[in-house]
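Engineer: Okay, so the sequence shown: first residue is 2 according to our numbering, each after it adds one.
By construction, the Cβ of each residue, glycine as well, lies at the ideal position given by its N, Cα and C atoms.
Treat the numbers as computed from the prediction; the structure is a model and nothing was measured.
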Amino acid sequence: MSFPKNLPRLNVDGPLIVGAGLAGLSAALAAAGEGAKVLVLAASPLGEGCSSAWAQGGMAVAMAPDDSPALHAADTVAAGAGLVDAAMAALLAEEGPKAVRRLAALGAPFDRDADGRFLQALEAAHSRPRVAKVGGDGAGKAIMAAVIAVARANPAIEIWEGADVRALLQDKAGRVRGALVARNGTLTEVVAPATLLATGGLGGLYAVTTNPAEVRGAGLALAAMAGAAIVDPEFVQFHPTAIDVGRDPAPLATEALRGEGATLVDAAGVPFMLRYDVHGDLAARDIVARAIHHEIADGSGAFLDARAAVGAHFPVAFPYVFAACMDAGVDPRTQPIPVAPAVHYHMGGIQTDAHGQTTVAGLFAAGECASTGVHGANRLASNSLLEAAVFGTRAGRAAAAAVDPHTPPLPATPMPHLPAEALQTLRRAMSRDAGVVRDHTGLTRLLAEIAAMQRAYGPATELIAARLVVSAALDRRESRGGHFRQDHPGSLTAEHTVISLYAPNFESFAVAAG
Ligand code: SIN
Numbered sequence: 002m003s004f005p006k007n008l009p010r011l012n013v014d015g016p017l018i019v020g021a022g023l024a025g026l027s028a029a030l031a032a033a034g035e036g037a038k039v040l041v042l043a044a045s046p047l048g049e050g051c052s053s054a055w056a057q058g059g060m061a062v063a064m065a066p067d068d069s070p071a072l073h074a075a076d077t078v079a080a081g082a083g084l085v086d087a088a089m090a091a092l093l094a095e096e097g098p099k100a101v102r103r104l105a106a107l108g109a110p111f112d113r114d115a116d117g118r119f120l121q122a123l124e125a126a127h128s129r130p131r132v133a134k135v136g137g138d139g140a141g142k143a144i145m146a147a148v149i150a151v152a153r154a155n156p157a158i159e160i161w162e163g164a165d166v167r168a169l170l171q172d173k174a175g176r177v178r179g180a181l182v183a184r185n186g187t188l189t190e191v192v193a194p195a196t197l198l199a200t201g202g203l204g205g206l207y208a209v210t211t212n213p214a215e216v217r218g219a220g221l222a223l224a225a226m227a228g229a230a231i232v233d234p235e236f237v238q239f240h241p242t243a244i245d246v247g248r249d250p251a252p253l254a255t256e257a258l259r260g261e262g263a264t265l266v267d268a269a270g271v272p273f274m275l276r277y278d279v280h281g282d283l284a285a286r287d288i289v290a291r292a293i294h295h296e297i298a299d300g301s302g303a304f305l306d307a308r309a310a311v312g313a314h315f316p317v318a319f320p321y322v323f324a325a326c327m328d329a330g331v332d333p334r335t336q337p338i339p340v341a342p343a344v345h346y347h348m349g350g351i352q353t354d355a356h357g358q359t360t361v362a363g364l365f366a367a368g369e370c371a372s373t374g375v376h377g378a379n380r381l382a383s384n385s386l387l388e389a390a391v392f393g394t395r396a397g398r399a400a401a402a403a404v405d406p407h408t409p410p411l412p413a414t415p416m417p418h419l420p421a422e423a424l425q426t427l428r429r430a431m432s433r434d435a436g437v438v439r440d441h442t443g444l445t446r447l448l449a450e451i452a453a454m455q456r457a458y459g460p461a462t463e464l465i466a467a468r469l470v471v472s473a474a475l476d477r478r479e480s481r482g483g484h485f486r487q488d489h490p491g492s493l494t495a496e497h498t499v500i501s502l503y504a505p506n507f508e509s510f511a512v513a514a515g
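1) Quick check: does the Cβ of Ser385 come within less than 7 Å of any heavy atom belonging to ligand 1?
2) Since Glu369 and Gly58 are thought to touch, with beta carbons under 8 Å apart, how far apart are those beta carbons, to the nearest angstrom?
3) Check whether the region 220 to 233 touches the region 356 to 367, counting contact only when three or more Cβ pairs, one atom from each stretch, lie closer than 8 Å.
4) Quick check on this structure: which residue in Ala318, Gly15, Asn379, Asp332 has the alpha carbon closest to the alpha carbon of Gly81?
5) Where do the ends of the alpha helix (DSSP H) carrying Gly34 lie?
6) Output yes if chain E places a C-beta closer than 8 Å to the C-beta of Leu26; else output no.
7) Which of the three DSSP states is assigned to Gly515 in this structure?
8) Verify whether the separation of the beta carbon atoms of Ala24 and Gly393 is less than 8 Å.
9) For Arg481 and Arg456, I'd like the C-alpha separation in whole angstroms.
10) Under a three-way DSSP split, which group does Ala164 fall into?
11) Within the same chain, show all residues whose beta-carbon is closer than 7 Å to that of Glu496, passing over the 5 residues directly before and after it, in chain order.
12) If Ala371 sits next to Thr353, beta carbons under 8 Å apart, how far is it from one beta carbon to the other, in whole angstroms?
13) Using the C-alpha atoms, what's the distance from Ala298 back to Ala147?
14) Give me, in chain order, the residues of the same chain whose beta-carbon lies closer than 6 Å to that of Val246; leave out the 5 immediate sequence neighbours on both sides.
15) What's the C-alpha gap between Leu26 and Leu197?
16) Can Gly58 be considered in contact with ligand 1, in the sense that its beta carbon sits closer than 7 Å to one or more heavy atoms?
17) Between Thr196 and ligand 1, is there a pair consisting of the residue's CB and a ligand heavy atom that are separated by less than 7 Å?
18) By a C-beta neighbour count over all protein chains shown, 10 Å radius and 16 as the cutoff for buried, is Gly312 buried or exposed?
19) Would you list the one or two residues that DSSP bridges to Glu159?
20) Output the distance between the C-alpha atoms of Gly108 and Leu447, rounded to the nearest integer angstrom.
21) Run through DSSP, which three-state label would Phe304 get?
22) How about His345: is its Cβ closer than 7 Å to a heavy atom in ligand 1?
23) In this structure, does DSSP put Glu190 in helix, strand or coil?
24) Does Pro234 pass the burial test, meaning 16 or more other C-beta atoms within 10 Å, or should it be called exposed?
25) Between Asp282 and the rest of its own chain, which residues show a CB-CB distance below 7 Å, the 5 nearest in sequence each way excluded?
26) Glu196 bridges to which residues according to DSSP?
27) Who are the near neighbours of Ala343 in its chain, counting only those whose CB is closer than 7 Å to its CB and skipping five residues on each side?
28) Just to check, is the beta-carbon of Leu253 closer than 7 Å to a non-hydrogen atom of ligand 1?
29) Kindly indicate which residue of Leu381, Arg439, Gly459 has the alpha-carbon position closest to the one of Glu479.
30) For Arg131 and Gly83, I'd like the C-alpha separation in whole angstroms.
31) Could you give the distance in angstroms between the alpha-carbon of Glu261 and the alpha-carbon of Arg334?
32) Which word fits Gly515, buried or exposed, when buried means at least 16 other C-beta atoms lie within 10 angstroms of its C-beta?
33) Among Ala61, Ala183, Val85, Ala90, whose alpha-carbon lies nearest the alpha-carbon of Ala125?
34) Hey, out of Leu123, Pro194, Leu120, Val331, whose CA is closest to Arg308's CA?
35) Taking Leu444 as the reference, which of Ala88, Ala403, Ala473 has the closest Cα?
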């Protein structure tokens, strides 16, 4: 193993936050609010390369008179197919309204009625209309614009754009001490009292995804290589209605369209969802994704027909979906939208407690790369921006309180990235064999391909993340939530997958999560 020698080193006094989506910036603002100086590393310019800014639906929050955090938590637990941590779901639901009001106070222009009350829409598997939206389908972009402006204006928050984290730094006891950062062609050791990963999901590892291409499981790989426990990586959520017009990434047709009454039909215009589930078009996301997968596989085709439910209002009610459709030559006012499932969200992730603490001292995680336990095997729609805001804030506060041990970091080896062509090969293989429907034959073949790529290209972050997903999918010999094994279609007793990929031989491997 070769370590780069004599690298420039920067010691920072406060938390180092890796990632600048809603979780990362919520953490930065919370840490700065505690009086900490914060350094945020973003691989892309702020607002780009993060899924938060692409979210259409909004934030699920119990604010209506006939709703309650208990009902929201119960829906979250029910959607998660036996693997949601009920206490964490209750925490998420209880802190939700405060998080939305905090974002509104920062300038996020949530849709309101004439009396200033938040408008709330219905989405699948919610027992109440409770999704707070912005401009119909523009929640992510508008919320991120507000948060980015506030973060940029905060003198306690320094932001490095174009910064790619290539390894975590650890001291001889295994405590994370910062990160090895590539920026402007230079590797720098950034040493910090606490490091918080908020790098998002891994949709970019798949050929068909609604996520930005940059989102490729980097945080999962970095944390795994530092010895952190990874929970349930096999649970990948496929959004049922990506717009199927051959675009990469695939544009999304928000679930809120079905909340408004749009229906899924086959190529002959016949509705099909009631054949799969009594809840029809508003069944849980995994059920709808599998139904659409089957309709497409058997040649029937799948389309979202919003002509009657939305029709002429489309440009105002769902401007982003409308623009994406028109751009592809589909007028959703007069034509059904061709749809197909696409990777949308990663339920699994780096194990954390309610304060973002991972199983490795000095390392925190928040947002999609983390596993707080709120999503289980199938995330409830519009719970992800909420989780980013609630747990990003909690993790930021905890990271700000971390005491600097002043221990020197050991030299770290930068993890490679996959070359572009190999990445495309991996993406195709992941969509083929670790998609909506999985089996032993496909997963075994895929694992062998990943191993061969690792021999050729080394432990690239993309390969480490892909291997976590695929090996856990192979080991889970049952079907549950987003993970469907056609060779094991039934469910067993609900159990989590917990993987410690790498057990470094540190003097004492501090475990701090509780
Ligand atoms: C959507 O708008 O359908 C996506 C919402 C989500 O993934 O939470």
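Structural biologist: Looking at the coordinates:
1) yes
2) Not quite, the Cβ-Cβ distance comes to about 15 Å (not below 8 Å), so this is no contact.
3) yes
4) Asn379
5) 23 to 34
6) Among the protein chains of the structure shown there is no chain E, as only one such chain exists.
7) Residue placement at Gly515 cannot be trusted, given a pLDDT of 27 that sits under 50; the coordinates are not used to answer.
8) yes
9) 32 Å
10) coil
11) none
12) 5 Å
13) 42 Å
14) Ala329
15) 11 Å
16) yes
17) no
18) exposed
19) Leu40
20) 45 Å
21) strand
22) yes
23) strand
24) buried
25) Arg259, Thr264, Leu265, Met274
26) The question names Glu, but residue 196 is Thr in the sequence shown. Looking at the DSSP assignment, Thr196 forms a beta bridge with Leu17, Leu364.
27) Val209, Thr210, Thr211, Phe239, His240, Ala243, Ala251
28) yes
29) Arg439
30) 23 Å
31) 14 Å
32) With a pLDDT of 27 at Gly515, under the threshold of 50, the modelled position of that residue is not reliable, and no figure is offered here.
33) Ala61
34) Val331
35) Ala473
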